[in-house]
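With our numbering applied, the sequence shown corresponds to residues 3 to 298, in that order.
Backbone N, C-alpha and C fix where the C-beta goes; we use that ideal spot for every residue, glycine too.
Since the structure comes first, as structure tokens, the remarks are kept for the end.
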Amino acid sequence: MKLQLEDAQRTYNETDTNIPRKTTVMNDVFVLSQLDELQEAMSMFENGAETLNEDVQCLNTELLEHQNKLQHLKENASNVKLAVEEEHMSYEAMMRNLEVLSQELMSLKDKIDEMQYVSYDGTFLWKITNFQEKMNDALSERQPSIYSTPFYSSRTGYKMQARLYLNGEGNARRTHMSLFFVLMRGLNDAILKFPFNYKVIFCLYDQTSQQRHIIDSFRPDIRSSSFQRSRSEMNIASGIPKFFSLTIIQREDNLYVRDGTIFIKIMVDFGDMPKTLLRFALTSVTSVLEPTFLKR
């Protein structure tokens, strides 16, 4: 019995001694297992990081390509914009040139038309169209006065023209139309008589059957520079400041404006025509009285 107890004690002691060993072995196995799993996870993370890094590099490359493309597009857009602006400027310049050319052509046409109606007998019938438009220009002072076509006393005589201030000039401003005579520099002035001292007659035509023409005249002041031989293109205009009342001409029922047009006749009296013949001379369309004028 005693022996049996000793054997049992010995067996128990041996068993109790082996328990820590088994526990240590089990712990080592668990730790190794965890280390293996951790190593696998780290390997996966490394592989993932490498893949991610490659993806980032690819994205950076693509981003750089897109940036280059965007820069190229911006440059192209800038070039296109510059080309459009240049084209627009070229178009505007062309339109300005066309406008200038058109104005020059119109001016040339007007000059050609005027040359067809140049007078060489000391008289000129001035047809003024677009009267209200010209009056508005005078009222706004965009163009206070207008000039007639030049006319001549003869083909080798004095060169002259008329100047009309539709809204008046000087003390006649805003109350009367002012009508003036302008002596111009001519080709044959060296052999003509100066100072110019011939009576100048103006006639504003009544365009109705009433024939209530407005006729006025003046004789030059030979002391004035306006009637000396011209040293420039033209002398200072001189004439009748209060030629015709604006109150009358601006009425809708006035006798002198028809279809936006008025007619003014300018006549130089080289022969001191009697007043009894003056109205007939101004209104006649015949050449009966031509011998009355001394053509110089």
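Collapsed DSSP secondary structure at residue 166 in the structure displayed: One-based indexing of the sequence shown puts residue 166 at position 164. Residue 166 falls in the strand class under three-state DSSP.
Residue range of the unbroken beta strand (DSSP E) whose run includes residue 129: By one-based count along the sequence shown, residue 129 stands at place 127. Here the beta strand (DSSP E) through residue 129 covers 125 to 130.
Extent of the continuous beta strand (DSSP E) run through residue 201: Against the sequence shown, residue 201 aligns to sequence position 199. Element bounds for residue 201: 201 to 206.
Endpoints, beta strand (DSSP E) assigned at residue 136: One-based indexing of the sequence shown puts residue 136 at position 134. Per DSSP, residue 136 belongs to no beta strand (DSSP E); it is in the alpha helix (DSSP H), 133 to 141.
Ranges of the alpha helix (DSSP H) found wholly within the stretch 231 to 262, counting only runs of at least 4: 248 to 251
Cβ shell of residue 212 (< 8 Å), same chain only, five flanking positions each side left out: Within the sequence shown, the letter at position 210 stands for residue 212. Same-chain partners within the cutoff: 257.
Helix, strand or coil at residue 92 according to DSSP, with G and I counted as helix: Taking the sequence shown and counting its residues from 1, one reaches residue 92 at position 90. Helix.
Residue 106 to residue 207 span [Cα, whole Å]: As a working mapping, residue 106 is identified with position 104 in the sequence shown. As a working mapping, residue 207 is identified with position 205 in the sequence shown. Residue 106 and residue 207: Cα-Cα distance of roughly 32 Å.
Supposed close pair residue 232, residue 187 - CB separation, criterion 8 Å: Within the sequence shown, numbered from 1, the residue matching residue 232 stands at position 230. Within the sequence shown, numbered from 1, the residue matching residue 187 stands at position 185. So it is a contact: roughly 4 Å between Cβ atoms.
Three-state secondary structure (DSSP) of residue 57: As a working note, residue 57 is residue 55 in the sequence shown. If DSSP states are grouped into helix, strand and coil, residue 57 belongs with the helices.
Per-residue DSSP class, three states only, for residue 161: As a first step, residue 161 is located in the sequence shown; it is residue number 159 there, counting from the start. Looking at residue 161 - three-state DSSP - the assignment turns out to be strand.
Residue 240 burial status per 10 Å Cβ neighbour count (16 or more: buried): To locate residue 240, count along the sequence shown from 1; it is residue 238. So residue 240 counts as buried.
Between the CA atoms of residue 226 and residue 236 - distance to the nearest angstrom: As a first step, residue 236 must be located in the sequence shown, where it is residue number 234. As a first step, residue 226 must be located in the sequence shown, where it is residue number 224. Straight-line Cα distance between these residues: approximately 14 Å.
Alpha carbon of residue 33 to alpha carbon of residue 58, nearest angstrom: For the purposes of this step, residue 33 is taken as the residue at position 31 of the sequence shown. For the purposes of this step, residue 58 is taken as the residue at position 56 of the sequence shown. Approximately 36 Å, taken between the alpha carbons.
Identified DSSP bridge partners for residue 270: In the sequence shown, counting from the first residue as 1, residue 270 sits at position 268. Looking at the DSSP assignment, residue 270 forms a beta bridge with 202.
Local conformation of residue 223 per DSSP, three classes: On the sequence shown, residue 223 is found 221 positions in, with the first residue counted as 1. Three-state DSSP puts residue 223 in coil, outside helix and strand.
For residue 148, the first and last residue of its enclosing beta strand (DSSP E): On the sequence shown, residue 148 is found 146 positions in, with the first residue counted as 1. Its beta strand (DSSP E) spans residues 147 to 149.
Residue 155 - DSSP class collapsed to helix/strand/coil: Taking the first residue of the sequence shown as 1, we reach residue 155 at position 153. In the three-state DSSP reduction, residue 155 falls in the coil class, being neither helix nor strand.
Endpoints, the beta strand (DSSP E) within which residue 120 is located: Stepping through the sequence shown from its first residue, residue 120 is reached at position 118. Membership of residue 120 in any beta strand (DSSP E) is not indicated, and neither H nor E is assigned to it by DSSP.
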